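Colleague:
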Amino acid sequence: MTAQVIDGKAFAAKIRGRVAEHVARLKADHGITPGLAVVLVGEDPASSVYVRSKGKQTLEAGMNSYEHKLPAETSEESLLALVKRLNDDPAVHGILVQLPLPKHLNSDLVINSIDPAKDVDGFHVSNVGLLGTGQKAMVPCTPLGCLLLLRDLHGSLAGMDAVVIGRSNIVGKPMAQLLLGDSATVTIAHSKTKDLPEVVRRADIVVAAVGRARMVPGDWIKPGATVIDVGINRTAGENGKDVLVGDVDYASAAQVAGAITPVPGGVGPMTIACLLANTVTACCRANG
Ligand code: GUN
95 MTAQVIDGKA FAAKIRGRVA EHVARLKADH GITPGLAVVL VGEDPASSVY
145 VRSKGKQTLE AGMNSYEHKL PAETSEESLL ALVKRLNDDP AVHGILVQLP
195 LPKHLNSDLV INSIDPAKDV DGFHVSNVGL LGTGQKAMVP CTPLGCLLLL
245 RDLHGSLAGM DAVVIGRSNI VGKPMAQLLL GDSATVTIAH SKTKDLPEVV
295 RRADIVVAAV GRARMVPGDW IKPGATVIDV GINRTAGENG KDVLVGDVDY
345 ASAAQVAGAI TPVPGGVGPM TIACLLANTV TACCRANG
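So the sequence shown is numbered by our numbering: it starts at 95 and just counts up by one.
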């Protein structure tokens, strides 16, 4: 059996199209243009690529993009002052502080200084609590993108066995909450999980979000299961050039799975599409 390849790139393009239509209506009917502010501290190459891509797609959707690039040695005080300015700016509907921050900055403190209504990442403790209790929250973009792909494929996820590998605040934990919210039976596996292969073999849905290249081989996958690969790992390819690979060994998993996301072109494009959608949501809520 060869798995259906889940086309996240095409799905994300559809979402961006819908966002652009919504933005055009907000402008035409209400004279409002949603605005997204992205803050990057330092020059981490991967983060710089993401931030550029976010800015470009924000503009393409017809929204305003405000990029704030600060030097790596920026003090916590001045970063908090910038966040406060953005919180108070009515033209800014969404605020994203790119992670990871340099080590001398307290990420929790910075993230929790963002107005929860503008927290389009869904990382503020208020949004984490709202999501965990099934209330209206800003939902983290990568897990939201994964959920949309799963709903598109399966319709209802009720009663399905889902295993999330990885327990990060950005992906693993909110992913588990979203799957639970859709009535899946959820296991969160991590580095201390006993007999991980056996745990994964029980799953109808596997979400891999650990950040280790090809750590999930095909023989861990139940035949016909759906595999969502959140990993984006740079590793040396056969010709010596760097290649991007996921947390799942795609070649072997695609022989067993029912459906699988490729890397690149699976979950990745969904993250920014959901960020744009969250920004429009924040703008609509701010304007009643
Ligand atoms: N770094 C990696 N992923 C993300 C994300 O989704 N949001 C932010 N702010 N930083 C990240």
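All C-beta atoms in this analysis are idealised placements derived from N, C-alpha and C, irrespective of residue type, glycine included. Just so you know, these numbers come straight off a predicted model, no measurement behind them.
Hey, is the stretch 269 to 281 in contact with the stretch 309 to 317, meaning 3+ C-beta pairs nearer than 8 Å?
Modeller: Short answer: they don't touch.
Colleague: Around the Cβ of Asn333, are there at least 16 other Cβ atoms within 10 angstroms (buried) or fewer (exposed)?
Modeller: Classification of Asn333: exposed, given that the 10 Å Cβ count is below 16.
Colleague: Kindly indicate which residue of Arg119, Gly266, Ser142 and Val186 has the alpha-carbon position closest to the one of Val214.
Modeller: Measuring from the Cα of Val214, the nearest candidate turns out to be Val186.
Colleague: Let me know if Met157 comes out buried or exposed under the rule of 16 or more other beta-carbons within 10 Å of its beta-carbon.
Modeller: Buried is the call here.
Colleague: Can you give, in chain order, each stretch of the alpha helix (DSSP H) that sits fully within the stretch 194 to 273 and has at least 4 residues?
Modeller: The stretch 194 to 273 contains these whole alpha helix (DSSP H) runs: 201 to 205, 219 to 226 and 235 to 248.
Colleague: Would you mind reading off the limits of the alpha helix (DSSP H) that contains Gly111?
Modeller: Unbroken alpha helix (DSSP H) run through Gly111: Gly102 to His124.
Colleague: Name the two residues that bound the continuous alpha helix (DSSP H) containing Arg295.
Modeller: From DSSP, the alpha helix (DSSP H) with Arg295 extends over Leu290 to Arg295.
Colleague: If I follow the unbroken beta strand (DSSP E) through Thr329, where does it start and stop?
Modeller: Taken as a continuous stretch (DSSP letters only), the beta strand (DSSP E) holding Thr329 covers Asn327 to Ala330.
Colleague: Could you tell me if Gln192 is buried or exposed, where buried requires 16 or more neighbouring beta carbons within 10 angstroms of its beta carbon?
Modeller: Buried: at least 16 other Cβ atoms inside 10 Å.
Colleague: May I ask you to check if the CB of Val191 is nearer than 7 Å to at least one heavy atom of the ligand GUN?
Modeller: Yes, the Cβ of Val191 comes within 7 Å of a heavy atom of the ligand GUN.
Colleague: Going by DSSP, name the residue or residues bridged to Leu130.
Modeller: According to DSSP, which records beta bridges pairwise, Leu130 is partnered with Ser159 and Gly188.
Colleague: If you draw a straight line from the alpha carbon of His198 to that of Glu170, how long is it in whole angstroms?
Modeller: Roughly 8 Å separates the two Cα atoms.
Colleague: Taking buried to mean at least 16 other C-beta atoms within 10 Å of its own C-beta, is Ala166 buried or exposed?
Modeller: With fewer than 16 Cβ atoms within 10 Å of its Cβ, Ala166 is classed as exposed.
Colleague: My assumption, with CB atoms under 8 Å, is that Leu338 sits in contact with Ile322. Please give the rounded CB distance.
Modeller: The Cβ separation is near 16 Å, so there is no contact.
Colleague: Would you please state the rounded distance, in angstroms, between the beta carbons of Val324 and Ala353? I believe it to be under 8 Å.
Modeller: Actually they do not touch by this definition, with Cβ atoms about 15 Å apart.
Colleague: Using the Cα positions of Val233 and Leu225, report the straight-line distance between them to the nearest angstrom.
Modeller: Distance between the alpha carbons of Val233 and Leu225: 7 Å.
Colleague: Just to confirm, does Thr168 get its C-beta within under 7 Å of one of the non-hydrogen atoms of the ligand GUN?
Modeller: It does not: the Cβ of Thr168 is nowhere closer than 7 Å to a heavy atom of the ligand GUN.
Colleague: Does the stretch 340 to 349 touch the stretch 366 to 374, meaning 3 or more C-beta pairs lie closer than 8 Å?
Modeller: No, they do not touch.
Colleague: Tell me which residue opens and which closes the beta strand (DSSP E) that Ala302 is part of.
Modeller: Per DSSP, Ala302 belongs to the beta strand (DSSP E) from Ile299 to Ala302.
Colleague: Can Thr281 and Ile299 be called in contact, C-beta distance under 8 Å?
Modeller: No.
Colleague: Kindly identify the DSSP beta-bridge partner or partners of Ile282.
Modeller: Val258.
Colleague: Which same chain residues end up closer than 6 Å to Arg296 when comparing Cβ atoms and leaving out the 5 residues on each side of it in sequence?
Modeller: Closer than 6 Å at the Cβ level, and outside the excluded window around Arg296, lie Asp255.
Colleague: Does any heavy atom of the ligand HEM sit closer than 7 Å to the C-beta of Thr373?
Modeller: Absent from the structure shown: the ligand HEM. Ligands present: the ligand GUN.
Colleague: Any heavy atom of the ligand GUN inside 7 Å of the beta-carbon of Thr236?
Modeller: True, at least one ligand heavy atom lies under 7 Å from that Cβ.
Colleague: Let's test the definition: count the other Cβ atoms within 10 Å of the Cβ of Thr329 and tell me whether it reaches 16, buried, or not, exposed.
Modeller: It counts as exposed.
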